[in-house]
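*Asks:* Using the UniProt record's numbering, you'd call the opening residue of the sequence shown number 1 and step up by one each time.
Note that CB positions come from ideal geometry on N, CA and C, so glycine has one too.
I have a structure here, written as structure tokens, and I will follow up with some questions on it.
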Amino acid sequence: MTDKSANQMWGGRFAAGPDAIMEAINASIGFDQRMAAQDIAGSRAHAAMLAATGIVSDKDAEAMREGLLTILSEIEGGKFAFSTALEDIHMNVEARLKEVIGEPAGRLHTGRSRNDQVATDFRLWVRDQVDAAIEGLQALMQALLGQAEAGADWVMPGFTHLQTAQPVTWGHHMMAYVEMFARDLSRFRDARVRMNESPLGAAALAGTSFPIDRDMTAQALGFDRPMANSLDAVSDRDFALEFLSVSSICAMHLSRMAEELVIWSSAQFRFVTLSDRFSTGSSIMPQKKNPDAAELIRAKIGRIFGANVALMTVMKGLPLAYSKDMQEDKEQVFDAADNLMLALAAMTGMVSDMSANRASLEAAAGSGFSTATDLADWLVRALNMPFRDAHHVTGSLVAIAEKRGCDLPDLTLEDMQGVHAAITDEVFGVLGVHNSVASRLSYGGTAPTRVREQVARWKEALA
Ligand code: ARG
């Protein structure tokens, strides 16, 4: 047992203070001080409501308001001495309020508990991160739109199984990511709507006998309404889990794109050149320019998804209502949010700065018999051949080209007619990569015309 006195916030029935190890496992101030601004906003809303409902005097509420503002500027100015003995941000602020304004500070916690307080603070904190993620995604989408617009008709190989499949346009490939990140953005927006309800006033778990006005505090904090069930309000963390799961999906998208940048910037591909600003060198190999930012973005999904699994595991066995286990929610979410924002910013920087190597893309687009499907489609269209037969004829022509070490457009008409007598020299019109992409005009297809339509649509949507 230590010689510390009992806790000044709840020590009424305690004769002694906590063991040092108890304090170490119990305290959250080391990390939850990040919610100081939210905690003070919540307390200000609560204090104003206590006065409006006549639960405390206007004079006391005014003292609380001023005291809380003083504390906020102390914290923002780095002049606040956080105390581990005071456990968390809530008790640190309240204890300091007592020092600053004296007796009225003790009335602030009327009709409130740390349980609804922490649920409120954390919702506000996560809501800010949702807004930051939405902004980050919008910036990334703008960067991708810039690339897509510049290269709407640049050709490159499209892959399946990372094997050359059909030519596509650079713009189309960029716009695929715009679609993915747009869905992430809409998932964040959906999550925001669901999380934007106020737990404040649920008190410890059962509500309170004081005539509080929960609509008033909800409104003051920008929530759409108070949560309808006090047990639910203090005990669920699904809003944080939703943030983590949406973040995980978004990080997965970022990771896939990062993987492509790693591959594309290699000497073997040379599809893109990353800017010096987003590359690093090697301490031993002078020729190296490494895509470290892309690699780290690719790795971030590990900790973000890890946080999701960790918090899901914390929550899954908890009886209603609050349990201290929930204190473990914050570090996971803080870390995931920090790293998601960093990954979004780094990806936006890389995409804005990178240059596509048009010549390498075009050369690669034409290799690997990438227009074989165009040839088969021509046989169907021009000779009315069933597609399965056309596939077979084309396969034979690919085999000839492969044996000869040339590409499909390098075969002669005689070669072609040797496989199928009715083929005419009109076929050469469809074997070029530019013709190939231009012909894919179906909605959602890779034709430059379609890509430009999508760029215009998204530019308007994001404006
Ligand atoms: N620091 C605590 C947390 O993060 C605040 C709530 C404490 N509530 C309690 N009943 N001990 O969860």
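(1) Can you tell me where the alpha helix (DSSP H) with Asp448 in it begins and where it stops?
(2) Between the stretch 13-30 and the stretch 56-74, can you find at least three pairs of beta-carbon atoms closer than 8 Å?
(3) So for Gly306, helix, strand or coil by DSSP?
(4) Using only the alpha-carbon positions, how far apart do Ala458 and Met285 sit?
(5) Around the Cβ of Cys250, are there at least 16 other Cβ atoms within 10 angstroms (buried) or fewer (exposed)?
(6) Using DSSP with H/G/I as helix, E/B as strand and the rest coil, what is Met156?
(7) Return the chain-ordered list of same chain residues with a C-beta closer than 6 Å to the C-beta of Ser352, the five sequence neighbours on each side being excluded.
(8) If we count the other Cβ atoms within 10 Å of its Cβ and call it buried at 16 or more, is Arg450 buried or exposed?
(9) Just tell me which of Ser396, Asp425, Lys403 and Asp374 has its CA closest to the CA of Pro167.
(10) Where does Gln417 fall in DSSP's three states?
(11) In the DSSP output, what is Ser355 paired with across the bridge?
(12) If you draw a straight line from the alpha carbon of residue 547 to that of Asn115, how long is it in whole angstroms?
(13) Quick one: grab the DSSP three-state call for Arg225.
(14) Pick out the complete alpha helix (DSSP H) segments inside the stretch 336-418, 4 residues or longer, and give them in chain order.
(15) Compute the minimum distance between the beta carbon of Asn92 and the heavy atoms of the ligand ARG, and state whether it is under 7 Å.
(16) Return yes when the Cβ of Gln332 is within less than 8 Å of the Cβ of Ala307, no when it is not.
(17) If we ignore side chains and look at the alpha-carbon of each, how far apart do Met64 and Arg112 end up?
(18) Determine the DSSP secondary structure at Val430, reduced to helix, strand or coil.
(19) Classify Ser43: buried if its beta carbon has 16 or more other beta carbons within 10 angstroms, exposed otherwise.
(20) Can you name the start and end residues of the beta strand (DSSP E) that Val56 belongs to?
(21) Taking only heavy atoms of the ligand ARG into account, decide whether any of them is closer than 7 Å to the Cβ of Arg114.
(22) Can you check which of these residues, Met195, Thr273, Ala218 and Val437, is closest to Arg237 by C-alpha distance?
(23) Counting along the chain, where does the alpha helix (DSSP H) carrying Gln327 start and finish?
(24) Flag this pair as yes or no: are the beta carbons of Met175 and Ala148 separated by less than 8 Å?
(25) Within 10 angstroms of the Cβ of Asp410, are there 16 or more other Cβ atoms? Answer buried if so, exposed if not.
(26) Beta-carbon within less than 6 Å of Met1's beta-carbon, same chain only, minus the 5 sequence neighbours each way: which residues are those?
(27) Counting along the chain, where does the alpha helix (DSSP H) carrying Ala139 start and finish?
(28) Beta carbon of Met156, beta carbon of Met257: below 8 Å?
(29) Closer than 7 Å: is that where the CB of Ile118 sits relative to any heavy atom of the ligand ARG?
(30) Which residue comes first and which comes last in the alpha helix (DSSP H) that contains Gly163?
(31) Around the C-beta of Asn357, are 16 or more other C-beta atoms found within 10 angstroms, so that it is buried, or is it exposed?
(32) Look up Glu197 in the DSSP assignment and say whether it is helix, strand or coil.
(33) Using the DSSP secondary-structure output, state which residues sit across from Thr280 in a beta bridge.
(34) For Tyr443, does the count of other Cβ atoms within 10 angstroms reach 16, so buried, or fall short, so exposed?
(35) How many Å lie between Arg388 and Met341 at the Cα?
*Replies:* Taking the coordinates as given:
(1) Sequence index remark: in the sequence shown, residue 448 carries index 448 (1-based). A small correction: the amino acid at residue 448 is Pro; Asp does not occupy that position in the sequence shown. Per DSSP, Pro448 belongs to the alpha helix (DSSP H) from Pro448 to Leu462.
(2) no
(3) Here residue 306 corresponds to residue number 306 of the sequence shown, with the count starting at 1. Three-state result, Gly306: helix.
(4) The count along the sequence shown starts at 1 and reaches residue 458 at position 458. The count along the sequence shown starts at 1 and reaches residue 285 at position 285. It is worth fixing the name first, because residue 458 is Trp in this sequence and not Ala. So the two alpha carbons sit approximately 42 Å from each other.
(5) Translated into positions along the sequence shown, residue 250 becomes position 250. It is buried - the Cβ of Cys250 has at least 16 other Cβ atoms within 10 Å.
(6) Indexing the sequence shown from 1 puts residue 156 at position 156. If DSSP states are grouped into helix, strand and coil, Met156 belongs with the strands.
(7) Stepping through the sequence shown from its first residue, residue 352 is reached at position 352. The answer, listed in chain order, is Ala143.
(8) Locating residue 450 in the sequence shown gives position 450, counting from the first residue. Looking at its Cβ environment, which holds 16 or more other Cβ atoms inside 10 Å, Arg450 is buried.
(9) Here residue 167 refers to the residue found at position 167 when the sequence shown is read from its first residue. The shortest C-alpha separation from Pro167 is found at Asp374.
(10) Numbered from its first residue, the sequence shown carries residue 417 at position 417. Gln417: helix per DSSP, three-state reduction.
(11) One-based indexing of the sequence shown puts residue 355 at position 355. Answer is Thr273.
(12) Residue coverage of the chain in this structure runs from 1 to 463, which leaves residue 547 outside it and unanswerable.
(13) Counting from 1 along the sequence shown, the entry for residue 225 is found at position 225. Arg225 falls in the strand class under three-state DSSP.
(14) 358-366, 372-383 and 387-404
(15) One-based indexing of the sequence shown puts residue 92 at position 92. No, the beta carbon of Asn92 sits no closer than 7 Å to any heavy atom of the ligand ARG.
(16) For the purposes of this step, residue 307 is identified with residue 307 of the sequence shown, where counting begins at 1. For the purposes of this step, residue 332 is identified with residue 332 of the sequence shown, where counting begins at 1. In contact: Ala307 and Gln332 (Cβ atoms closer than 8 Å).
(17) If you number the sequence shown from 1, residue 64 lands on position 64. If you number the sequence shown from 1, residue 112 lands on position 112. Cα-Cα distance, rounded: 15 Å.
(18) Looking up residue 430 in the sequence shown gives position 430. Helix, per DSSP.
(19) Reading the sequence shown from its first residue, position 43 is the one you call residue 43. Buried is the call here.
(20) Within the sequence shown, residue 56 is the residue found at index 56, counting from 1. Taken as a continuous stretch (DSSP letters only), Val56 belongs to no beta strand (DSSP E), as it is neither H nor E.
(21) As a working note, residue 114 is residue 114 in the sequence shown. Checking the Cβ of Arg114 against the ligand ARG gives yes.
(22) Along the sequence shown, one-based indexing puts residue 237 at 237. When only C-alpha atoms are compared, the closest one is Met195.
(23) Counting from one through the sequence shown, the residue named residue 327 turns up at place 327. Where Gln327 is concerned, there is no enclosing alpha helix (DSSP H), given that its DSSP letter is neither H nor E.
(24) Start at 1 with the first residue of the sequence shown, and residue 175 comes out as number 175. Start at 1 with the first residue of the sequence shown, and residue 148 comes out as number 148. Their beta carbons are under 8 Å apart, which means Met175 touches Ala148 by this criterion.
(25) As a position in the sequence shown, residue 410 is number 410, starting the count at 1. So Asp410 ends up on the exposed side.
(26) What you label residue 1 is simply residue 1 of the sequence shown in a count that begins at 1. Confidence at Met1 is low in this model, with a pLDDT of 35, below 50, so the placement of that residue should be treated as unreliable; the coordinate-derived value is given next. Excluding residues within five positions, the ones whose Cβ falls inside 6 Å are Ala16.
(27) Position 139 of the sequence shown, counting from 1, holds the residue named residue 139. Counting along the chain, the alpha helix (DSSP H) containing Ala139 begins and ends at Arg114 to Ala150.
(28) Residue 156 sits at position 156 when you count from the first residue of the sequence shown. Residue 257 sits at position 257 when you count from the first residue of the sequence shown. The answer is no: Cβ separation not under 8 Å.
(29) Residue numbering aside, residue 118 sits at position 118 when the sequence shown is read from its first letter. Per the sequence presented here, residue 118 reads as Val, with Ile not at that position. Under cutoff, so the answer is yes.
(30) The residue given as residue 163 occupies position 163 in the sequence shown. In the sequence under discussion, the amino acid at residue 163 is Gln, which differs from the Gly named in the question. Taken as a continuous stretch (DSSP letters only), Gln163 belongs to no alpha helix (DSSP H), being part of the beta strand (DSSP E) at Gln163 to Thr169.
(31) Translated into positions along the sequence shown, residue 357 becomes position 357. Buried: at least 16 other Cβ atoms inside 10 Å.
(32) Sequence index remark: in the sequence shown, residue 197 carries index 197 (1-based). Three-state DSSP puts Glu197 in a strand.
(33) As a working mapping, residue 280 is identified with position 280 in the sequence shown. In DSSP, Thr280 forms a bridge with Asn290.
(34) In the sequence shown, the residue the question calls residue 443 occupies position 443. Counting Cβ neighbours within 10 Å, Tyr443 comes out exposed, since fewer than 16 surround it.
(35) Locating residue 388 in the sequence shown gives position 388, where the first residue counts as 1. Locating residue 341 in the sequence shown gives position 341, where the first residue counts as 1. Whole-angstrom Cα-Cα distance: 49 Å.
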